[in-house]
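**Student:**
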Ligand SMILES: Cc1cc2nc3c(=O)[nH]c(=O)nc-3n(C[C@H](O)[C@H](O)[C@H](O)COP(=O)(O)OP(=O)(O)OC[C@H]3O[C@@H](n4cnc5c(N)ncnc54)[C@H](O)[C@@H]3O)c2cc1C
């Protein structure tokens, strides 16, 4: 039986994904599923497994390029309260995987808990941000993670503790389909001190991003000891353009989607930049942006 008939209250057919991504790009999903509980999510995944339906997780769409063509299978968003909660126990905070990273940071700061505040300004959900191990030279989210609760392929809820996790450069070894929640171990400090660090980090981050009215995504990981933006500039690719997609004038490692940009424009721009950087500097850039 089709997914929309099995889960009619939480499933939409042929739902455009563009409104759910930062770039506002992306074709329709065959099924967009927004479960209300872990049990419901588990039932959806079991049905998809049984019927051979591919499942993709959509967070905030800040590190994701959704193709222009229809996307077969199920796209799952975790927006119900069961997936967006925040809970404190002493120096530990547990956050639902579908909650916003900003809400988590604000919660920690209000509670005088330090460790996440320098990530302020990075947008995304908690699950997407942990999967992508977001951060910059001031630190990464993985440094504060104590445990990650996942839903496995077999439909089991499992908690992987810190010593069972590997956090790399904008990646992790979490390969289970769903990050349900994350427990963070933070440092107790005065809220004022944490707030001050957060404000400083905000100003620094905003200065290196595309302008606030532009929709832009980061393209490449920084190679060890270098920045992708510097390599792109050295390769004379500053402000390179394909179709309506253009590298940001403020940071060449961001592709800005001007009105009319397609996913194909972004992919071709990234491929062009990568090829030129390789030709002119010898460095093979590694794409950070997830592409479906
Ligand atoms: C302007 C701008 C500035 C940025 N600055 C930075 C920066 O300074 N540092 C940095 O590291 N990143 C930065 N990013 C990248 C981006 O913010 C992060 O990677 C983001 O946190 C990803 O989270 P998301 O919820 O948007 O995930 P999405 O983009 O929706 O998804 C990313 C990947 O995670 C998977 N995923 C999402 N949710 C879950 C879940 N619950 N369970 C399992 N898998 C899941 C998706 O399937 C996909 O593969 C920036 C992005 C933008 C647009």
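In my numbering, the protein residues as written are 86 to 377.
We put the beta carbon where it would ideally sit given N, CA and C, even for glycine.
1. DSSP has residue 301 in a bridge; who is on the other side?
2. So, helix, strand or coil for residue 154, using DSSP?
3. Starting from residue 233 and walking both ways along the beta strand (DSSP E), at which residues does that stretch end?
4. Taking buried to mean at least 16 other C-beta atoms within 10 Å of its own C-beta, is residue 255 buried or exposed?
5. Measuring alpha carbon to alpha carbon, tell me which residue in 318, 300, 308 and 354 is nearest residue 368.
6. To the nearest angstrom, how far is the alpha carbon of residue 248 from that of residue 112?
7. Below 8 Å between beta carbons: does that hold for residue 259 and residue 235?
8. CB of residue 343 to nearest heavy atom of ligand 1: below 7 Å?
9. Nearer than 7 Å: is that true of the beta carbon of residue 142 relative to any heavy atom of ligand 1?
10. Comparing the CB of residue 148 with every heavy atom of ligand 1, is any distance shorter than 7 Å?
11. What's the gap between the Cα of residue 332 and the Cα of residue 215?
12. Should residue 297 be counted as a contact of ligand 1 given a C-beta to heavy atom distance under 7 Å?
13. Report yes or no: is there a C-beta of chain D within less than 8 Å of the C-beta of residue 164?
14. Residue 133: which of 238, 266, 341 and 363 sits nearest, CA to CA?
15. By a C-beta neighbour count over all protein chains shown, 10 Å radius and 16 as the cutoff for buried, is residue 322 buried or exposed?
16. In this structure, does DSSP put residue 351 in helix, strand or coil?
17. Going straight from the alpha carbon of residue 153 to that of residue 348, what length do you get?
18. Once DSSP output is grouped into helix, strand and coil, what is the label at residue 333?
19. Considering only the alpha carbon of each residue, which of 160, 356 and 201 lies closest to residue 50?
20. Should residue 213 and residue 145 be called a contact, given that it needs their Cβ atoms to be closer than 8 Å?
21. For residue 376, which residues of its own chain have a beta-carbon under 7 Å away from its beta-carbon, when the five flanking residues on both sides are left out?
22. Quick test of your reading: residue 129 and residue 160, contact by CB under 8 Å. State the CB separation rounded to the nearest angstrom.
23. With H, G and I counted as helix, E and B as strand and the rest as coil, what does DSSP make of residue 98?
24. Determine the DSSP secondary structure at residue 274, reduced to helix, strand or coil.
25. Just mark residue 227 as buried or exposed, buried being the case when its beta carbon has 16 or more other beta carbons within 10 Å.
26. On the three-state DSSP scale, how would you describe residue 249?
**Tutor:** Walking through what the data contain:
1. One-based indexing of the chain shown puts residue 301 at position 216. Beta-bridge pairing links residue 301 to 341.
2. The sequence position of residue 154 within the chain shown is 69, counting from 1. Three-state DSSP puts residue 154 in coil, outside helix and strand.
3. For the purposes of this step, residue 233 is taken as the residue at position 148 of the chain shown. It spans 230-236 - the beta strand (DSSP E) in which residue 233 sits, taken as one unbroken run.
4. Here residue 255 corresponds to residue number 170 of the chain shown, with the count starting at 1. Answer is buried; the Cβ neighbour count reaches 16.
5. Here residue 368 refers to the residue found at position 283 when the chain shown is read from its first residue. Nearest option by C-alpha distance: 308.
6. Taking the chain shown and counting its residues from 1, one reaches residue 248 at position 163. Taking the chain shown and counting its residues from 1, one reaches residue 112 at position 27. Using only the alpha carbons, I get a separation of about 39 Å.
7. Translated into the one-based positions of the chain shown, residue 259 becomes position 174. Translated into the one-based positions of the chain shown, residue 235 becomes position 150. In this structure, residue 235 lies closer than 8 Å to residue 259 by Cβ.
8. Position 258 of the chain shown, counting from 1, holds the residue named residue 343. Answer for residue 343: no, Cβ out of range of ligand 1.
9. Your numbering for residue 142 matches position 57 in the chain shown. Residue 142 Cβ: within cutoff of ligand 1.
10. Sequence index remark: in the chain shown, residue 148 carries index 63 (1-based). Yes, since a heavy atom of ligand 1 falls inside the 7 Å radius drawn around the Cβ of residue 148.
11. On the chain shown, position 247 is the one that residue 332 refers to. On the chain shown, position 130 is the one that residue 215 refers to. Cα to Cα, the separation comes out at about 26 Å.
12. Within the chain shown, residue 297 is the residue found at index 212, counting from 1. No, the beta carbon of residue 297 sits no closer than 7 Å to any heavy atom of ligand 1.
13. Chain labels in this structure do not include chain D; a single protein chain is all it has.
14. Taking the chain shown and counting its residues from 1, the one referred to as residue 133 is at position 48. For residue 133, the nearest C-alpha among the options comes from 238.
15. As a working mapping, residue 322 is identified with position 237 in the chain shown. When all chains shown are included, residue 322 counts as buried.
16. Counted from its first residue, the chain shown places residue 351 at position 266. Residue 351: helix per DSSP, three-state reduction.
17. What you label residue 153 is simply residue 68 of the chain shown in a count that begins at 1. What you label residue 348 is simply residue 263 of the chain shown in a count that begins at 1. Distance between the alpha carbons of residue 153 and residue 348 is about 6 Å.
18. Residue numbering aside, residue 333 sits at position 248 when the chain shown is read from its first letter. Looking at residue 333 - three-state DSSP - the assignment turns out to be coil, as it is neither helix nor strand.
19. Outside the modelled stretch of the chain, which goes from 86 to 377, sits residue 50, for which no answer is possible.
20. Counting from 1 along the chain shown, the entry for residue 213 is found at position 128. Counting from 1 along the chain shown, the entry for residue 145 is found at position 60. Cβ distance < 8 Å, so residue 213 and residue 145 count as in contact.
21. Indexing the chain shown from 1 puts residue 376 at position 291. So the list reads 150 and 352, once near-sequence residues are dropped.
22. Taking the chain shown and counting its residues from 1, the one referred to as residue 129 is at position 44. Taking the chain shown and counting its residues from 1, the one referred to as residue 160 is at position 75. That pair is no contact at about 11 Å.
23. Residue numbering aside, residue 98 sits at position 13 when the chain shown is read from its first letter. Correct three-state label for residue 98: strand.
24. Residue mapping note: residue 274 aligns to position 189 of the chain shown, counting from 1. Three-state result, residue 274: coil.
25. Within the chain shown, residue 227 is the residue found at index 142, counting from 1. Buried is the call here.
26. Against the chain shown, residue 249 aligns to sequence position 164. Reduced to three states, the DSSP call for residue 249 is helix.
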